[in-house]
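Visitor:
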Amino acid sequence: MPAGRLIACAALGLGLVGCGPLATFRPASGLMPDRRMEAGLGVSAVTPRPYVNEGPASAGQAWLSGNVGPRFALTGIAAFDDDAAALGGAARFTPLRLDRLVAGFEQELGYAWFAVSTPVAVRLVDQTWLYTAPRLGTWGVDLSFGVPVGLSVRVYDGLMLRAEWQRSWQDFKYYNKRDHYGLAVAHQFP
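For what it's worth, this note's numbering labels the leading residue of the sequence shown as 2, then goes sequentially.
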């Protein structure tokens, strides 16, 4: 097998057997019209599964997003906790962009995680967005389905505060249910 294919297969394999960021924090609304880039930092906590003897988990994440076209955006993502760190990226295609509704498709791939999602955001007022991004991705070696709901509020100029809650089910089992809570700050640059 050629070296390029071997590296691609290894990267895909690592992406299918690990954990990614615990929250989304990046609404489908993307960047404001006069902005070119967003940098953000967030923290998340995850409750233990109800029928498993485990403690809660927490992690942080940082991201840098930019538009590469009118409907395409790329993001670099770093997820970390007190034991490990992972780097990855996301590519988003946003075919629906109306004044108050935005929807698209996103693919994430990183060291030890893989996910696909369908981000949707509804603008409430100004640059305040209610968002979700139902996603299918990895949690450890199992698939996990999650439904986040978040709020992104512009505080001043390009400064955004975000709060997010997510319910996820590891391996699609009711007893593997978890709740994720997160807070983030992001800044969009002209």
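Glycine residues also receive a C-beta, built at the ideal position from the N, C-alpha and C atoms.
Quick one: is Y52 buried, meaning 16 or more other Cβ sit within 10 Å of its Cβ, or exposed?
Guide: Burial call: exposed.
Visitor: Taking the alpha carbon of G67 as the point to measure from, which residue in A24, A92, V121 has its own alpha carbon closest?
Guide: When only C-alpha atoms are compared, the closest one is A92.
Visitor: Going by CA-CA distance only, name the one from A74, L42, G90 that's closest to A60.
Guide: Among A74, L42, G90, the Cα nearest to that of A60 belongs to L42.
Visitor: Can you grab the Cα-Cα spacing for the pair N177 / R136, in whole Å?
Guide: Using only the alpha carbons, I get a separation of about 16 Å.
Visitor: What did DSSP end up calling Y176 once you bin it into helix, strand or coil?
Guide: Here Y176 sits in helix by DSSP.
Visitor: Using 9 Å as the threshold, is the C-beta distance between G56 and A80 below it?
Guide: Not a contact, by the Cβ cut-off of 9 Å.
Visitor: Name the two residues that bound the continuous beta strand (DSSP E) containing Y52.
Guide: Note, Y52: premise wrong, no beta strand (DSSP E); not H, not E.
Visitor: In this structure, how does DSSP classify T25 when only helix, strand and coil are distinguished?
Guide: Coil.
Visitor: At 3 residues or longer, and completely inside the region 132 to 183: list those beta strand (DSSP E) runs for me, N to C.
Guide: Those beta strand (DSSP E) runs which fall completely within the region 132 to 183 and span 3+ residues are 136 to 140, 143 to 157, 160 to 171.
Visitor: Is the separation between the beta-carbon of H188 and that of A40 shorter than 9 Å?
Guide: It is a contact, given that the beta carbons lie within the stated cut-off.
Visitor: Please classify G31: is it buried, with 16 or more other beta-carbons within 10 angstroms of its beta-carbon, or exposed?
Guide: Looking at its Cβ environment, which holds 16 or more other Cβ atoms inside 10 Å, G31 is buried.
Visitor: Could you give the distance in angstroms between the alpha-carbon of P34 and the alpha-carbon of A164?
Guide: When rounded, the distance between both Cα atoms is 22 Å.
Visitor: Check V126 in the structure and name its three-state DSSP category.
Guide: Note: V126 maps to strand in three-state DSSP.
Visitor: Taking DSSP as the reference, what is the three-state secondary structure of R98?
Guide: Note: R98 maps to strand in three-state DSSP.
Visitor: Among T119, M161, G151, which residue has its Cα nearest to the Cα of A24?
Guide: Nearest of T119, M161, G151 to A24, Cα basis: G151.
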